[in-house]
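Colleague: Here it is: the structure, laid out below.
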Amino acid sequence: MTNEEPLPKKVRLSESDMKTLTREELCTRWKQHEAYVQVLEAKYTELCSNDVTVLKESEEKLKQQQQQESARRENILVMRLATKEQEMQECTTQIQYLKQVQQPSAAQLRSSMVDPAINLFFLKMKAELEQTKDKLEQAQNELRPEGVRTVPEAVVAHFPSRIRPPPPPSAQSRQCTC
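Heads up: the sequence shown begins at 1 in the UniProt record's numbering, then just goes up one per residue.
See below:
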């Protein structure tokens, strides 16, 4: 319907009208009523389409807001992740530096060996170690029964002229000349 046409009015019929009106008058009223119903249906569909449009627009706005919020959260999480990764990298660098600082360098080892007191201490420790090894070997030889000999000793006993064991190292040759 256009705006120029007059809006139909609601047709009301009472029981007395139904009895008194002629068939043609009832048909005319029926047509008026149909026009009124059509106008109402047109208004209803227009309102529904407006409601649907409004709902779609509000839904789009809501989606945009949610997307913006999600993008903002994602950016925040990415920034937090980047700072955590940077902190991890800094910690790794610090750990590597501390490991490097704790390991003595060759120059530090040389300086400790150059110190005469430390060198003397190492020489005494080596001499004590050699003496302890000799005492252990003597104790093992004393505990070993006469009949049980190792293979090299048995070979030397049967062939003394061909195979001779090397002489035991002397205490002087054992000292380190570092």
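Think of the CB as a built atom: it goes at the ideal place given N, C-alpha and C, for glycine as much as any other residue. As the structure is a prediction and not an experimental result, all values here were calculated from the model.
1) In angstroms with no decimal places, state the Cα-to-Cα distance between Leu98 and Asp115.
2) For Leu13, which of Glu24, Leu7 and Trp30 has the nearest alpha-carbon?
3) Do Lys10 and Tyr44 have their beta-carbon atoms positioned less than 8 Å apart in this structure?
4) Would the beta-carbon of Val39 fall within 8 Å of that of Leu62?
5) 8 Å is my cut-off, CB to CB: does Glu130 come that close to chain B?
6) According to DSSP, is Thr93 part of a helix, a strand, or is it coil?
7) Please report how far the alpha carbon of Leu129 lies from the alpha carbon of Asn119, in whole angstroms.
8) Nearest-angstrom Cα distance between Lys133 and Phe121?
9) According to DSSP, simplified to helix, strand and coil, what is Asp134?
10) Just curious, the alpha helix (DSSP H) that Lys9 is in, first and last residue?
11) Between the C-alpha atoms of Leu143 and Lys135, what's the straight-line distance to the nearest angstrom?
Modeller: By the coordinates alone:
1) 26 Å
2) Trp30
3) no
4) No, Cβ-Cβ distance for Val39 and Leu62 is not below 8 Å.
5) Considering every chain present, this structure includes no chain B. It has just one protein chain.
6) helix
7) 15 Å
8) 18 Å
9) helix
10) Neither: Lys9 is in no alpha helix (DSSP H) and is coded neither H nor E.
11) 12 Å
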